[in-house]
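Everything in the sequence shown is counted per the numbering used here, starting at 1054 for the first residue and increasing by one. Positions of the beta carbon are idealized from the N, C-alpha and C atoms, including for glycine.
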Amino acid sequence: SACETNGGWRCALELLQFADQNGVAMDLVSYNTFISVLEASGDWQMALDVLGAMERRGVEADTITYNVAISACEKGGDWENAFSLLNGMPEFSLERDVITFSAMITAFEKGGAWERAMDMFYGLPEQGIDRSTFTYNAALGAVEHGGDWSQALDLMNDMVRDKIDADSMTFVGAMSACTRAGAWPKALEVFASMLERWVAPEVMACNAAIDACGPAGAWQQALALFAAAPKLRVEPDDVTYFVLLEALRDTPKAQLLFERLASPNPDGPNDGAGVVAAIAALRGSRRVFDLHDFSPAASRLAVRWWLSNILPQFQADQLRDSVTIITGWGKHRKPWKQANIKATVCEELDDLNLPWRMRSGGGESTEGALVVDTSSLWAEKRSVMSGFAGNVSASRYKRDLRAPVKK
1054 SACETNGGWR CALELLQFAD QNGVAMDLVS YNTFISVLEA SGDWQMALDV
1104 LGAMERRGVE ADTITYNVAI SACEKGGDWE NAFSLLNGMP EFSLERDVIT
1154 FSAMITAFEK GGAWERAMDM FYGLPEQGID RSTFTYNAAL GAVEHGGDWS
1204 QALDLMNDMV RDKIDADSMT FVGAMSACTR AGAWPKALEV FASMLERWVA
1254 PEVMACNAAI DACGPAGAWQ QALALFAAAP KLRVEPDDVT YFVLLEALRD
1304 TPKAQLLFER LASPNPDGPN DGAGVVAAIA ALRGSRRVFD LHDFSPAASR
1354 LAVRWWLSNI LPQFQADQLR DSVTIITGWG KHRKPWKQAN IKATVCEELD
1404 DLNLPWRMRS GGGESTEGAL VVDTSSLWAE KRSVMSGFAG NVSASRYKRD
1454 LRAPVKK
């Protein structure tokens, strides 16, 4: 269980192997716990292997075992194997409960089969399953991928009709569906209705509301929502700052917010600590800096900030003719989901007239890595630092990158 909370599935595997080598028989609880560790770490294939090992060793699985295994498949986007597990449960006389079907609906959604997810949701009464907050939340996730914001609102109305309580995640799902479909005013209406119904907003709900403002350029509303967070007793997290930067991306306020995060007040609040740490990690970067956990707007601002504030601090013997920027390639995208960080960084580099290329070698590890030719920048600084620029101080190297000129 300790391994589960810390994501240490390798440690859990070593413990199981140690027990096996020392003749300690593993029971159902042990196996269920190990599968939970694998589910938490997203290793759905090994979770299925453990399920098979249980059968070979004569340990009978229960509903909890299958629920966790289905959830593991859901995290891997493998709805086919999840569906196979669901259909195989009656063969072993195992009851399929609301958690089973909720996990399966989410597996359909994560695997891109949102129509199947909705078919299962509407067919729950035929399976003897009462719809609940869990199942409605799972259905709202599927509707988000279907891009039908009106259906999301219909589901919320159905919850009122069926006297099923909505929680914060219910409203997050509805807001996300509206945002994905481009109906950002509807998303803000959903947020307002959450407050009217006295549902305590969690930080994810505030993030979803701010995120809704981004695509529409409604930065004033985004700032108002951010300012209201303390009154709602919501503490901003890393995602809050990333989605806020997205909403502010075309305004000077984005630069000001990034600079605030880059130079935090040591005596101030600790919110956004992860963003602050990620930016701080770039300070000492001379050859490689990692932006794959950033949002697109934050990555653009980070490139400008590094070139204008960090690069001038290096000594001549520390300079390189190229730097590598890690942007990631979309497989492990963060809360900004389908946003293309690499495309944003490439566009920024083009705006700054800096040549770039994909890192050679092929494979996943190179698809999200850009090699940027900074030789012209280094040559300029070397010239200044060597005195070739007369009385011009090295500080003149610091470009004004806040308003880059197009080619």
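Scanning its chain for C-beta atoms nearer than 6 Å, with the 5 sequence neighbours on each side dropped, one finds around Gln1274 the residues Cys1266, in chain order. In the DSSP annotation of this structure, Trp1359 is not part of any beta strand (DSSP E), being labelled neither H nor E. A direct Cα-Cα distance of roughly 36 Å separates Arg1214 from Glu1299. By the beta-carbon neighbour count (other beta carbons within 10 angstroms, threshold 16), Leu1309 is exposed. The beta carbons of Phe1154 and Gln1180 sit closer together than 8 Å.
With contacts defined by Cβ atoms closer than 8 Å, Ala1230 and Phe1244 do not form a contacting pair. Listed in chain order, the non-local C-beta contacts of Asp1343 below 6 Å within the same chain comprise Ile1379, local neighbours out to five positions each way being set aside.
Here Leu1138 has Tyr1119, Ala1122, Ile1123 as same chain residues with Cβ atoms under 6 Å from its own Cβ, once five neighbours each way along the sequence are excluded.
The Cβ atoms of Thr1186 and Asp1220 sit closer than 8 Å to each other. One thing to note: Arg1353 has its Cβ no nearer than 8 Å to the Cβ of Thr1377. Beta bridge pairing from DSSP links Arg1410 with Val1424.
Taking 8 Å as the upper bound for CB-CB distance, Val1425 and Leu1402 are in contact here, some 6 Å apart.
Distances from the CA of Ala1269 to each of Asp1080, Val1225, Glu1312, Ala1236 were compared; the closest alpha carbon is that of Ala1236. Asp1096 sits buried, since 16 or more C-beta atoms from the chains shown fall within 10 Å of its C-beta.
Thr1427 is not a Cβ neighbour of Asp1346, given a cutoff of 8 Å.
Taking 8 Å as the cut-off, the beta carbon of Val1196 is found closer than this to the beta carbon of Leu1208.
In this structure, Ala1350 keeps its C-beta atom at 8 Å or more from the C-beta atom of Ile1332.
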